[in-house]
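Structure first, commentary second.
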Amino acid sequence: MLEGKTALVTGSTSGIGLGIAKALAAQGARIVLNGFGDVEGPRRQIAALGVDVTYHDADMSRPEQIEAMMKFAAERFGRIDILVNNAGIQHVARIEDFPVERWDAVIAINLSSAFHATRWALPAMRAANWGRIINVASVHGLVASAEKSAYVAAKHGLVGLTKVTALETATTGVTCNAICPGWVLTPLVQKQVDAKAQAHNLSNEQAKRLLLGEKEPSLQFTTPEELGALAVFFCSPAGNNVRGAAWNMDGAWAAQ
Ligand code: NAD
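In my numbering, each residue carries its 1-based index in the sequence shown increased by 74.
So, in structure tokens, the structure goes:
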């Protein structure tokens, strides 16, 4: 379905971003990977799906590096058709204890990076009259939790940016939507499981059940594969008029 299209997925060396990149590659899209840590493993997994794959090491907290990545991808593959703004970090602390440097980093990586990537992607999408911008927000873009001020502010902001992007492109073939997952068992969440295990002297399994039980009525983690399938739907013809949605896949977390 996506043969001939190019997808750039930020923060795709791990977790949800890698899951979405694999789902888009399985539909034939060329992939531009980005993120830190092991690059060769993810690159091999994408190449095994039979599509072209490349990588850029932009730090998504740095606007000038985002610009360089967007120009690199456009030069390498002609145009970016699908932009998935996924890179994100978390920091957990009460507001009065929240390190200012962590606040700035969460806002830069989880929110401002999507603005910068979008502003570089839109002109070519408009010219082609086709594009998909998918912002990986969170159920924390819809509701709040204590001790996550920067993350909740950034994700609510990302849902707002999604709506504005959808309005500004509403009469074109470019759509913009947000995905709002509940708990997904990635390295970002495993750190929070580890913190619970340590704080309450629990096993890893007990800490996972406690984490799910506090917020997610289904008591199940959403998987990167399920989120990848939702991204594929947004890219399909059936998604042509899905615009400005903040689609939760959260085990009924936000229904409470
Ligand atoms: P993860 O830690 O597994 O992956 C994060 C990715 O972002 C990695 O590839 C990492 O290298 C990259 N990254 C981090 N800082 C970066 C930077 N400055 N520049 C470039 N890349 C950077 O986390 P994940 O759980 O897969 O999270 C992906 C997205 O999904 C995030 O935006 C997160 O907020 C969101 N999300 C996660 C959950 C969850 O439960 N895991 C739930 C809702 C939303």
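Just so you know, even glycine gets a beta-carbon here, dropped at the ideal spot from N, CA and C. Since the model is a prediction, treat every value here as computed from it, not as a measurement.
The stretch 145 to 223 contains, as complete alpha helix (DSSP H) runs of 4+ residues, the segments 174 to 181, 187 to 202 (chain order). In this structure, residue 223 sits away from residue 183, with a CB-CB distance that is not shorter than 8 Å. Contact between residue 195 and residue 144 holds: CB atoms are separated by about 6 Å, below the 8 Å threshold.
The three-state reading of DSSP puts residue 261 in helix, counting H, G and I together. According to DSSP, residue 306 shares a beta bridge with no other residue. The closest heavy atom of the ligand NAD lies less than 7 Å from the beta carbon of residue 257. Here residue 226 carries a helix assignment [DSSP, helix/strand/coil]. Annotated three-state conformation of residue 232 is helix, per DSSP. Pairing residue 201 with residue 315, the inter-Cα distance amounts to about 19 Å. Apart from the 5 residues on each side of it in sequence, residue 303 sits with its Cβ closer than 8 Å to the Cβ of 97 in its chain, given in chain order. Spanning the alpha carbons of residue 108 and residue 151 requires a straight line of approximately 15 Å.
The distance from the Cβ of residue 83 to that of residue 158 is about 4 Å, consistent with a contact at the 8 Å cut-off. Proximity of the stretch 316 to 325 to the stretch 237 to 247 meets the contact definition, three or more beta-carbon pairs being nearer than 8 Å.
DSSP places residue 104 in the strand class (E or B) of the three-state scheme. The Cβ atoms of residue 185 and residue 262 do not sit closer than 8 Å to each other.
The closest heavy atom of the ligand NAD lies 7 Å or more from the beta carbon of residue 75.
Comparing C-alpha distances from residue 287 to each of 327, 119, 215 shows the shortest one belongs to 327.
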